[in-house]
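To convert, note that position 249 of the sequence shown is 249 in UniProt numbering; the numbers rise steadily by one, no gaps.
Single-structure report; data block below.
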Amino acid sequence: MPPSVRFATCPHRYGHRPRTARPGIFSPCPAETRPDNSGEKNLRRSKLHLTALAAVFTGAGLLAAPAAAAPAAAAPAAAAPAAAAPAAPELKLAATDDTYVSSGRVDATFGDEDKLAVGRLGRDSKIAYLKFLVPAGAKVTGARLKLITVGDVGGPVTVSRVADAGWSERKLTARTAPQPGAPAGTASPAADAAEVSIDLRTAVTGPGAYSFAVRSSASSVTRFRSSEAKGGGPELIITTAQPAKPAPAKPGPTTPAPTKPAPTTPAPTKPAPTTPAPTKPAPTTPAPTKPVPATPAPTKPAPTQATPTPAPAKPSPSQPAPVPSTPPTQSAPAPTTSPSPSQPAPAPTTPPTQSSPAPTTPPATPIEDEDMPPPATGDCVTGDLLVPSCGVLWGAAAGGFTDAPRDQALKDWEKLSGRTASIFHAYHKGDEPFPTKSEMAMARDAAKPRVLLLNWKIAYGSTWAKVAKGEQDARIDRFAARIQSTFPEKFFLVLNHEPENDVIAKPGSGWEAKDFAAMYRHTILRLRAKGVTNAINVMAYMGNEKWMAQSWWKDLYPGDDVVDWMGLDSYVSAEKGYYHYGTFADLLDRKAPNGPTFYDWATSKHASKPLMIAEWGVYHRVGRATDKTAGFNSVLPELRKRPNIKAIVYFDTKSDDEGDRDISIDSTKANLAAFRTLAADPIFNVKLR
1 MPPSVRFATC PHRYGHRPRT ARPGIFSPCP AETRPDNSGE KNLRRSKLHL TALAAVFTGA
61 GLLAAPAAAA PAAAAPAAAA PAAAAPAAPE LKLAATDDTY VSSGRVDATF GDEDKLAVGR
121 LGRDSKIAYL KFLVPAGAKV TGARLKLITV GDVGGPVTVS RVADAGWSER KLTARTAPQP
181 GAPAGTASPA ADAAEVSIDL RTAVTGPGAY SFAVRSSASS VTRFRSSEAK GGGPELIITT
241 AQPAKPAPAK PGPTTPAPTK PAPTTPAPTK PAPTTPAPTK PAPTTPAPTK PVPATPAPTK
301 PAPTQATPTP APAKPSPSQP APVPSTPPTQ SAPAPTTSPS PSQPAPAPTT PPTQSSPAPT
361 TPPATPIEDE DMPPPATGDC VTGDLLVPSC GVLWGAAAGG FTDAPRDQAL KDWEKLSGRT
421 ASIFHAYHKG DEPFPTKSEM AMARDAAKPR VLLLNWKIAY GSTWAKVAKG EQDARIDRFA
481 ARIQSTFPEK FFLVLNHEPE NDVIAKPGSG WEAKDFAAMY RHTILRLRAK GVTNAINVMA
541 YMGNEKWMAQ SWWKDLYPGD DVVDWMGLDS YVSAEKGYYH YGTFADLLDR KAPNGPTFYD
601 WATSKHASKP LMIAEWGVYH RVGRATDKTA GFNSVLPELR KRPNIKAIVY FDTKSDDEGD
661 RDISIDSTKA NLAAFRTLAA DPIFNVKLR
């Protein structure tokens, strides 16, 4: 785990050297991480032109193509366009991957073909697969898929969402292809249609990676241009909420839409319900595109700085440390701060006056930062124990081991990463009054709702055994009274995260594993007796192979009746040859010799409990910037394979408590880009309630 709230003589988490707490610092113990080179990221140049522009213009934010008003070829010349409100800006995205599979050739790949095939040819059924990346910051109000036909259309075309976006066009076969989900849109184009347009506004609702299957029930094959074809392949056209800065007008016609040979009058395209599809120009001379006049974006006022509140300590990345022979001395928590964003947030643009069709879900609450997606408004919602009905909760603790207020550090981190953290992780000890006013304000921000994850070292200045005997009941009662009088909202509560690192396996020490379990039970039961019913209890382990091999490790668990979620604080290194080099899978699957992995143990022994990765991160040594993209890219495939994981909470710091590990998301531009792509995935679109 990252900087964990530890005691003064906390052994070095990485198992190398003892760590002595500096004055005023709540000493923690290390973490772990390793990148994954398995994910194929060979995005062809022909597919990246728009995505690259998006990154250039807004740092993975919005790239808006000005709406073009191309008059239909058959329209009367006298029909001059009337003065009208500007159309909603569009974002045109090329597929990052596209291919098709054939049931008649189950092991064949077609990723290099210049066409996509759907439908049937005898007993051979063909399905096309497409993948798009909607950049972080895109405020989606509509979406449609445009496919350019090659030859005649055989029949109706259906597009289905595919949950697994981990496939690669160069490797996908009928044998390995993911199963298409329910239909997201259909079209019944004319046989001689030059292009097919399919409304996908219910399937594409915000930033993230989207994977689709295109099928046809016709007994003949329909072919479309792939991204390898000259003249353009599949496009996902996104209608956005704000007008975009118009691209510089280029004299003369824009690239004409590919024309279908033969027809004297172009075949009409099927309009998308959101924004009318542009009429196909006649095969002779393309009509010039008319750019929408630019509207200068208002200057974004400088945000008002909230009154800083002292930041509590944060734990450090978790790594095994030798079992101490003497009780730990305790120190004050390390203040926290957040890394400064490497790029400023773009100023918000003025909303368009032209209205878009009503979305199928309620509109999101407006937010002040243009480069951040709005809160989730989809079908994934949290329940009584804050377990999401689908998807995964996204959270963070930012600014570890600095003196910045935790609330401001998180806001800066959210702006940097491109997503609001549904979980705000904060650390406290002893008699500190919490939740603090700033923490409560963060949880009550209607525009950016968050749930608190509060970490409490209740035995600070005492021992686990003494807490279990009731010697800190007054401390427990004060916390209960504060919760009842000031904070009725649900919140996550962690008691003494990463207890393995604080165990002193010596009879009478007061810090034995059984003492921890007794302390935990006593505290939770007393809080309940005092009327605290809104705390959701998380048992947060280090899950480190060294600790899992200890004979006392199993004695830490306090009982299913006082634990609501299982938790894991774990890290991986991006540096090959450095401690715990690996991917997201590695931080989940550490194990003792001949024992189960942590994930397997937690999900089999405590199958009814959701799992929270309460701290995670990818690190490299300070001053040795290393590519973390493989580590970040390995997260989504694991989340899709491991349904018990219901929340992940990043711990971000430029330097851990020993000053030697950088767990920040922006240590390089490439690392930040990879993390923003992860953050944009719709799997994290969970609505708090």
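Cβ coordinates follow ideal geometry from the N, Cα and C atoms, glycine included.
Note that this is a predicted model, so its numbers are computed, not measured.
Coil, strand or helix - residue i by DSSP
{"i": "Phe491", "result": "strand"}
{"i": "Ile663", "result": "coil"}
{"i": "His428", "result": "strand"}
{"i": "residue 725", "result": "With the chain represented from 1 up to 689, any question about residue 725 goes unanswered, as that position is not in the structure."}
{"i": "Arg590", "result": "coil"}
{"i": "Lys146", "result": "strand"}
{"i": "Phe401", "result": "coil"}
{"i": "Val214", "result": "strand"}
{"i": "residue 721", "result": "The chain is shown only over 1 to 689; residue 721 falls outside these bounds and no answer can be derived."}
{"i": "Phe224", "result": "strand"}
{"i": "Lys506", "result": "coil"}
{"i": "Gly111", "result": "coil"}
{"i": "Val118", "result": "strand"}
{"i": "Pro388", "result": "strand"}
{"i": "Val686", "result": "coil"}
{"i": "Asn644", "result": "coil"}
{"i": "Phe132", "result": "strand"}
{"i": "Asn537", "result": "strand"}
Contact set for residue i: own chain, Cβ-Cβ below 8 angstroms, skip 5 residues either direction
{"i": "Gly559", "result": "Ala517, Arg521"}
{"i": "Ala459", "result": "Lys466, Val467, Gln472, Asn496, Met519"}
{"i": "Leu410", "result": "Ser338, Ala396, Ala397, Ala398, Gly399, Ala421, Phe424, Met442"}
{"i": "Thr176", "result": "Trp167"}
{"i": "Ile648", "result": "Val392, Leu393, Trp394, Gly395, Met612, Ile613, Trp616, Val635, Leu639"}
Proximity test, residue i beta-carbon vs the ligand NAD heavy atom, cut-off 7 angstroms
{"i": "Gly577", "result": "The ligand NAD is not part of this structure, which contains no ligands at all."}
Within 8 angstroms, strictly: CB atoms of residue i and residue j
{"i": "residue 769", "j": "Ala165", "result": "Past the edges of the chain, shown from 1 to 689, lies residue 769, and the structure says nothing about it."}
{"i": "Met542", "j": "Asp502", "result": "no"}
{"i": "Phe424", "j": "Met442", "result": "yes"}
{"i": "Ala213", "j": "Ser168", "result": "no"}
{"i": "Gly137", "j": "Gly391", "result": "no"}
{"i": "Ala95", "j": "Ser211", "result": "no"}
{"i": "Val562", "j": "Ile524", "result": "yes"}
{"i": "Val494", "j": "Ala602", "result": "no"}
{"i": "Lys506", "j": "Asn534", "result": "no"}
{"i": "Trp394", "j": "Phe684", "result": "yes"}
{"i": "Pro207", "j": "Pro135", "result": "yes"}
Selection from the options that minimises the alpha carbon distance to residue i
{"i": "Asp657", "options": "Tyr578, Leu588, Ala679, Gly399", "result": "Gly399"}
{"i": "Leu172", "options": "Arg642, Ser102, Trp601", "result": "Ser102"}
{"i": "Val221", "options": "Ala174, Gly206, Thr149", "result": "Thr149"}
{"i": "Ala128", "options": "Leu386, Asp666, Thr463, Val157", "result": "Val157"}
{"i": "Gly430", "options": "Leu385, Leu133, Phe479", "result": "Phe479"}
{"i": "Leu386", "options": "Ala505, Asp152, Met566", "result": "Met566"}
{"i": "Tyr650", "options": "His428, Asp666, Pro499, Asn537", "result": "Asp666"}
{"i": "Pro637", "options": "Gly104, Ala209, Thr436, Thr205", "result": "Ala209"}
{"i": "Lys126", "options": "Val162, Ala163, Ala174", "result": "Ala174"}
{"i": "Arg225", "options": "Leu147, His620, Trp553, Pro189", "result": "Leu147"}
{"i": "Ala670", "options": "Lys628, Arg215, Leu133, Thr597", "result": "Lys628"}
{"i": "Asp600", "options": "Lys641, Tyr619, Leu453, His620", "result": "Lys641"}
{"i": "Thr202", "options": "Asp379, Ser608, Lys609", "result": "Asp379"}
{"i": "Ala607", "options": "Ala585, Asn594, Pro643", "result": "Pro643"}
{"i": "Val686", "options": "Phe401, Thr205, Arg475, Arg590", "result": "Thr205"}
{"i": "Tyr578", "options": "Thr626, Phe492, Asp124", "result": "Thr626"}
Residues near residue i by beta carbon distance below 7 angstroms, same chain, minus five either side
{"i": "Leu688", "result": "Thr382, Ser422, Pro449, Val451"}
{"i": "Ser217", "result": "Gly155, Pro156"}
{"i": "Ala592", "result": "Glu545, Met548, Ala549"}
{"i": "Ala108", "result": "Ser102, Thr173"}
{"i": "Gly659", "result": "Val622"}
Contact set for residue i: own chain, Cβ-Cβ below 6 angstroms, skip 5 residues either direction
{"i": "Ala468", "result": "Ala518, Met519, His522"}
{"i": "Gly252", "result": "Its pLDDT being 41, under 50, Gly252 is placed unreliably in this model, and the coordinates cannot settle the point."}
{"i": "Ile483", "result": "Val532"}
{"i": "Asp515", "result": "Trp464, Ala465"}
{"i": "Pro308", "result": "Annotation note: pLDDT 42 at Pro308 (below 50); position unreliable, coordinate value reported separately. Same-chain partners within the cutoff: Pro405."}
{"i": "Leu121", "result": "Val221"}
{"i": "Pro499", "result": "Phe516, Leu556"}
{"i": "Tyr100", "result": "Phe110, Leu116, Ala117, Lys126, Ala128"}
CB contact check: residue i to chain C, cutoff 8 angstroms
{"i": "Pro405", "result": "Structure shown: chain C not included; a single protein chain is present."}
Could you tell me whether the stretch 227-236 touches the stretch 187-199, where touching means 3 or more Cβ pairs closer than 8 angstroms?
no
If you pair each beta-carbon of the stretch 115-122 with each one of the stretch 182-194, do three or more pairs fall below 8 angstroms?
no
Decide if the stretch 520-534 is in contact with the stretch 568-584; the criterion is three or more beta carbon pairs, one per stretch, under 8 angstroms apart.
With the cut-off at 8 angstroms, the stretch 520-534 and the stretch 568-584 do not touch.
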